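In my numbering, the protein residues as written are 160 to 451.
Ideal Cβ placement from N, Cα and C applies to all residues, glycine included.
Keep in mind that this is a model prediction, so the values were computed, not measured.
These notes are about the structure you will find just below.
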């Protein structure tokens, strides 16, 4: 009898261990390329051992999966205004778990004096977050704003000398400054739009999870990585492959990491910042948007 009980106990322990392993392996994440993907670099290897991280360009697939009743993804990282708008309209069962990025927009140009000249201020992101931030901070300048369809076009305008000031997001801002230097052109960051906005910046990329989904171990690991100077960042980027993350180069990404403002903050801890930011998009904040 005692032997039988020991056998049963061993079997139960084994099943519990397997169950825990399967729970961890079930993590499937959908994430945009670029700065938001940096939040996952610290746990990339652990996640992809049994689960997966699908990196995508644009928002079409993010919207499709957020609104799908049977999406395979436990976690979807998306612009906070996009996800909360779907929640407000009752079009998704995902809920806001945390904020991962706090803005990475900068005016890059030839000199501070260029802001006082007449001419064109090259911008991107019309109708989206970049335009909202530009209008909110309202930097004093004589330059006339002109919106282009992509940040790459703004980069081209700067490097060709057609404009003296343009808005870029990191790490493209640092990549543009480095490329200009190769042509003996002097570009630098003139304005940090996050500082002009105030506080710690503005909530941009956020983590949305299926209602009822919990993974405290993963969330804590992401927080530890982003709040402890991104340990072994260069080695991890080289292991993953910088192109896969949609970032320009390992060296530039590492050098610009602080200006990319990747910081994990639980949504419950920054409700005021979320509410203020969503007002720019006429989205009424509710605590029901957050994980319970």
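> In chain order, what residues of the same chain have a beta carbon less than 8 Å from the beta carbon of residue 305, not counting five sequence neighbours either side?
Replying inline: As a first step, residue 305 is located in the chain shown; it is residue number 146 there, counting from the start. Excluding sequence positions up to five before and after residue 305, its CB lies within less than 8 Å of the CB of 279, 280, 281 and 282, all in the same chain and listed in chain order.
> Comparing alpha-carbon positions, which option in 393, 364 and 426 lies nearest residue 221?
Replying inline: As a first step, residue 221 must be located in the chain shown, where it is residue number 62. Selected option, being the one with the closest Cα: 364.
>> My output table needs one value for residue 378: the three-state DSSP class, helix, strand or coil.
In response: Residue 378 sits at position 219 when you count from the first residue of the chain shown. If DSSP states are grouped into helix, strand and coil, residue 378 belongs with the helices.
> Name the DSSP bridge partner or partners of residue 347?
Replying inline: For the purposes of this step, residue 347 is taken as the residue at position 188 of the chain shown. Assignment of beta-bridge partners to residue 347 by DSSP yields 268.
> When you compare only the Cα positions, how much space is there between residue 419 and residue 249?
Replying inline: As a working note, residue 419 is residue 260 in the chain shown. As a working note, residue 249 is residue 90 in the chain shown. Going from the Cα of residue 419 to the Cα of residue 249 covers about 32 Å.
>> Helix, strand or coil, according to DSSP, for residue 191 in the structure here?
In response: One-based indexing of the chain shown puts residue 191 at position 32. Note: residue 191 maps to strand in three-state DSSP.
> Which same chain residues, not among the five before or five after residue 372, have their C-beta less than 7 Å away from its C-beta?
Replying inline: Within the chain shown, the letter at position 213 stands for residue 372. A distance below 7 Å between beta-carbons, with the five flanking residues on each side excluded, links residue 372 to the following residues of its chain, in chain order: 233.
> Assuming residue 381 contacts residue 204 under a Cβ cut-off of 8 Å, what Cβ separation, rounded to an integer in Å, is found between them?
Replying inline: Residue numbering aside, residue 381 sits at position 222 when the chain shown is read from its first letter. Residue numbering aside, residue 204 sits at position 45 when the chain shown is read from its first letter. The pair is not a contact, with the Cβ atoms about 13 Å apart (cut-off 8 Å).
>> Quick check: residue 362 and residue 433, are their CB atoms within less than 9 Å of each other?
In response: The residue you call residue 362 lines up with position 203 of the chain shown. The residue you call residue 433 lines up with position 274 of the chain shown. Their beta carbons are under 9 Å apart, which means residue 362 touches residue 433 by this criterion.
>> Do residue 236 and residue 191 have their beta-carbon atoms positioned less than 9 Å apart in this structure?
In response: Here the question's residue 191 lines up with position 32 in the chain shown. Here the question's residue 236 lines up with position 77 in the chain shown. Yes, these two residues count as a Cβ contact at 9 Å.
>> Between the alpha carbons of residue 253 and residue 210, how many angstroms are there, rounded?
In response: By 1-based counting over the chain shown, the position of residue 253 is 94. By 1-based counting over the chain shown, the position of residue 210 is 51. The straight-line gap from Cα to Cα measures roughly 19 Å.
> Contact between the region 374–390 and the region 408–426: three or more CB pairs below 8 Å?
Replying inline: yes
>> What would DSSP say about residue 325, mapped onto helix, strand or coil?
In response: For the purposes of this step, residue 325 is taken as residue 166 along the chain shown, with counting starting at 1. Strand.
> Taking the C-alpha atoms as reference points, what is the distance between residue 323 and residue 217?
Replying inline: Position 164 of the chain shown, counting from 1, holds the residue named residue 323. Position 58 of the chain shown, counting from 1, holds the residue named residue 217. Rounded to the nearest angstrom, the two C-alpha atoms are 28 Å apart.
>> Using C-beta distances below 6 Å, list every residue in its chain close to residue 405, excluding the 5 sequence neighbours before and after it, in chain order.
In response: Numbered from 1 along the chain shown, position 246 holds the residue referred to as residue 405. Excluding residues within five positions, the ones whose Cβ falls inside 6 Å are 192 and 193.
> Over what stretch of residues does the alpha helix (DSSP H) that includes residue 289 continue unbroken?
Replying inline: By 1-based counting over the chain shown, the position of residue 289 is 130. Residue 289 -> alpha helix (DSSP H) spans 288–296.
> Cβ atoms of residue 349 and residue 268: under 9 Å apart, would you say?
Replying inline: Along the chain shown, read from residue 1 onward, the residue named residue 268 stands at position 109. Along the chain shown, read from residue 1 onward, the residue named residue 349 stands at position 190. In this structure, residue 349 lies closer than 9 Å to residue 268 by Cβ.
>> Would you say residue 419 lies against chain D (beta-carbon separation less than 9 Å)?
In response: Any reference to chain D falls outside this structure, which holds one protein chain only.
> Can you name, in chain order, every residue of its own chain whose Cβ lies under 6 Å from the Cβ of residue 300, other than the five neighbours on each side?
Replying inline: Taking the chain shown and counting its residues from 1, the one referred to as residue 300 is at position 141. Around residue 300: 274.
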